[in-house]
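Notes to accompany the following structure.
There are 2 protein chains.
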Amino acid sequence: MSNHSDPRIVRTRRLLLDALFDLLKTKDIKKINVQEIAKKATLNRATLYDHYKDKYDLFEHLLVDLFHQKITQRLSPFDKVCSEKFRHIVVASFEFLQEMNLGCTEREPKFKSLIESKTQEQLFKLIYQMMKNNCSKKPDSEIEIEAAVVSWSIFGVGLHWVRNHNSKSPDEYVQKVLALVAHINEDYFVPEENKIAEFA
Amino acid sequence: MSNHSDPRIVRTRRLLLDALFDLLKTKDIKKINVQEIAKKATLNRATLYDHYKDKYDLFEHLLVDLFHQKITQRLSPFDKVCSEKFRHIVVASFEFLQEMNLGCTEREPKFKSLIESKTQEQLFKLIYQMMKNNCSKKPDSEIEIEAAVVSWSIFGVGLHWVRNHNSKSPDEYVQKVLALVAHINEDYFVPEENKIAEFA
DNA sequence: CAATACTTGTTGACTAAACAACACATGTTG
DNA sequence: CAACATGTGTTGTTTAGTCAACAAGTATTG
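Structure, rendered in structure tokens:
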């Protein structure tokens with residue numbers, strides 16, 4: 001039960017993610033029970049357990065899903081220039097952190113930190129994949145470290161902005177963090193490489 | 201494969217109906233092939249044949265579905281008075297005929313007549329069920345005939361309006377047809393009976 | 001405190017959907 | 001005309017989803 005190419009699996013997971021997303025608008029994750037999620041998704045309760053460990057596992061996957069949605073809606077397929085893509089990713093990440101922060105002001109601090117660590121994780125994965133696709137010369141171990149520096153920088157500045165200055169426009173912060181990691185990114189700004197990395 | 205209580209069946213049919221509905225906005229039913237419908241519904245082509253004889257069968261069920269949607273969206277659940285419900289049904293039927301006529305101006309005459317006969321069929325079923333629910337005294341055979349007169353009257357006047365005067369407001373026609381069948385409906389205007397009949 | 005009602009996570013039998021393969025019809029291109 | 005492609009409708013096998021029933025944990029209430 002993990003072959004992602006079966007349309008039933010894609011559909012079922014979509015239904016579960018959307019159902020939880022809807023319910024989270026009205027209630028805290030703690031107050032939501034599995035039966036409710038299943039009902040809203042028009043699925044059997046047992047089916048949720050076929051796909052996710054429990055509702056918190058589903059919740060984590062929802063975060064991943066929302067992050068991906070945010071990135072892909074920002075990343076216009078017409079951006080040819082790699083540095084432009086990077087800027088969009090930074091902006092999207094900032095927005096994502098902000099939206100998650102707003103949506104969760106009243107929630108347990110424990111969920112805030114879950115959201116943040118998931119965001120960082122996904123940001124790292126995305127940047128690592130992009131770097132790998134755009135620069136096959138360097139060894140993986142080096143790309144890993146550079147991806148870590150870039151992703152943690154973006155994440156850190158984003159979080160700093162959300163926590164302390166989120167009424168201001170993020171543009172200045174975006175500019176600065178990009179400038180500071182530019183010397184790393186230079187190695188990956190290959191203009192002829194247009195494809196955006198597929199990320200899991 | 202016909203137990204309507206299995207959520208998978210409800211979901212699959214909904215997906216197929218919606219897929220065809222979307223495709224009909226851009227193409228004629230003739231130009232649409234089964235593969236396209238299945239793809240849009242994110243279903244396997246063979247699954248369509250589990251539920252419908254062919255795409256024309258699906259098309260007929262779509263008409264039924266759209267008619268039901270039209271009726272239920274018009275019929276506010278707060279209408280306590282039975283005569284008010286009847287008026288809503290007439291208006292909804294007129295609107296349905298008009299929309300179907302507009303949507304199919306360029307289509308084969310054969311589909312126009314299919315649409316019309318389906319509309320009449322559904323209108324009869326609906327009115328028959330309402331009458332039966334509201335008047336258990338009369339024998340079925342009599343209710344059948346009275347339902348036929350009422351439903352054909354409504355249908356006929358509606359079609360006449362659509363064909364000849366559809367730029368004018370339908371209100372006058374609605375008024376008149378209701379007045380003309382009022383003596384039949386009187387037997388069924390039971391104020392304390394609020395429930396609207398479930399129709400297949 | 002015990003009785004009661006829910007919620008959770010799991011199991012196994014049943015049913016619907018996916019999928020590839022099939023024969024057959026219809027079309028269209030050299 | 002034959003060769004080729006494309007759409008139709010059906011079949012058998014495999015896999016996913018449904019459902020009722022289960023034990024175990026956790027509130028709620030008298």
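Here the protein sequences line up with chains A and B, keeping their order. Per my numbering, residue 1 is the first one in the first sequence, and the count goes up by one each step. Per my numbering, residue 201 is the first one in the second sequence, and the count goes up by one each step. Quick reminder that beta carbons are idealized off the backbone N, C-alpha and C, glycines included.
Along chain A, which residues have their Cβ under 8 angstroms away from the Cβ of B:T242? The count along the second sequence starts at 1 and reaches residue 242 of chain B at position 42. Within 8 angstroms Cβ-Cβ: P7, V10 and R11.
B:V281 versus B:S367: straight-line alpha-carbon distance, rounded: What you label residue 281 of chain B is simply residue 81 of the second sequence in a count that begins at 1. What you label residue 367 of chain B is simply residue 167 of the second sequence in a count that begins at 1. So the two alpha carbons sit approximately 30 angstroms from each other.
Given a cut-off of 8 angstroms, decide if B:E236 and B:E216 are closer than it, judged by their beta-carbon atoms. Sequence index remark: in the second sequence, residue 216 of chain B carries index 16 (1-based). Sequence index remark: in the second sequence, residue 236 of chain B carries index 36 (1-based). The sequence given here has Leu at residue 216 of chain B, not Glu. Contact: no.
Name the residue from B:H261, B:I271 and B:S205 whose alpha carbon lies nearest to the alpha carbon of A:T42. Looking up residue 42 of chain A in the first sequence gives position 42. Ranking the options by Cα distance to A:T42, first place goes to B:S205.
Grab the span of the alpha helix (DSSP H) containing B:N364 for me, first residue to last. Within the second sequence, the letter at position 164 stands for residue 364 of chain B. Per DSSP, B:N364 belongs to the alpha helix (DSSP H) from D340 to H365.
DSSP three-state label for A:A41, please. Walking along the first sequence from the start, residue 41 of chain A turns up at place 41. DSSP places A:A41 in coil when its eight states are reduced to three.
For A:W161, collect the residues of the same chain with a Cβ closer than 6 angstroms to its Cβ; drop the 5 residues on either side in sequence, then sort them by chain order. Stepping through the first sequence from its first residue, residue 161 of chain A is reached at position 161. If we look at A:W161 and ignore the five residues flanking it on each side, its Cβ neighbours are P170 and Y173.
Would A:I184 pass as a contact of A:V150 if the rule is Cβ separation under 8 angstroms? Walking along the first sequence from the start, residue 184 of chain A turns up at place 184. Walking along the first sequence from the start, residue 150 of chain A turns up at place 150. A contact, by the Cβ cut-off of 8 angstroms.
Less than 8 angstroms between C-beta atoms, sequence neighbours within five positions excluded: which residues of the same chain meet that for B:E398? On the second sequence, residue 398 of chain B is found 198 positions in, with the first residue counted as 1. Legend: pLDDT at B:E398 = 49, less than 50; position of this residue unreliable, value from coordinates given subsequently. Closer than 8 angstroms at Cβ, skipping near neighbours: Q329.
Report back the beta-carbon spacing between A:L66 and A:L20 to the nearest angstrom; my notes put them in contact at under 8 angstroms. The residue labelled residue 66 of chain A in the question sits at position 66 within the first sequence. The residue labelled residue 20 of chain A in the question sits at position 20 within the first sequence. With a Cβ gap of about 11 angstroms, A:L66 and A:L20 do not count as contacting.
Nearest-angstrom Cα separation, counted from B:I327 out to B:Y388: On the second sequence, residue 388 of chain B is found 188 positions in, with the first residue counted as 1. On the second sequence, residue 327 of chain B is found 127 positions in, with the first residue counted as 1. Rounded to the nearest angstrom, the two C-alpha atoms are 11 angstroms apart.
Does the Cβ of A:V90 have 16 or more other Cβ atoms within 10 Å, making it buried, or fewer, making it exposed? Here residue 90 of chain A is taken as the residue at index 90 of the first sequence, counted from 1. Buried, since its Cβ has 16 or more Cβ neighbours within 10 Å.
Give every residue of the same chain whose Cβ lies closer than 7 angstroms to the Cβ of B:K240, excluding the five residues on either side of it in the sequence, and list them in chain order. Counted from its first residue, the second sequence places residue 240 of chain B at position 40. These residues qualify, in order along the chain: A219, D222 and L223.
N- and C-terminal bounds of the alpha helix (DSSP H) containing B:P277: The residue labelled residue 277 of chain B in the question sits at position 77 within the second sequence. Note, B:P277: premise wrong, no alpha helix (DSSP H); not H, not E.
Specify the secondary structure class of B:T226 as computed by DSSP and reduced to three states. Counting from one through the second sequence, the residue named residue 226 of chain B turns up at place 26. Note: B:T226 maps to coil in three-state DSSP.
DSSP state of A:P202 mapped onto helix, strand, coil: Chain A is shown from 1 up to 200; residue 202 of chain A falls before or after that span and cannot be answered.
Give every residue of the same chain whose Cβ lies closer than 7 angstroms to the Cβ of B:I354, excluding the five residues on either side of it in the sequence, and list them in chain order. Walking along the second sequence from the start, residue 354 of chain B turns up at place 154. Excluding positions up to five away in sequence, the list reads V290, S293, L323 and V377.
Distance between B:S276 and B:A348 (C-alpha atoms, nearest Å): Taking the first residue of the second sequence as 1, we reach residue 348 of chain B at position 148. Taking the first residue of the second sequence as 1, we reach residue 276 of chain B at position 76. Computed Cα separation, rounded: 25 angstroms.
Quick check: B:R274 and B:H251, are their CB atoms within less than 8 angstroms of each other? Taking the second sequence and counting its residues from 1, one reaches residue 274 of chain B at position 74. Taking the second sequence and counting its residues from 1, one reaches residue 251 of chain B at position 51. Against a cut-off of 8 angstroms, the Cβ pair of B:H251 and B:R274 comes out as no contact.
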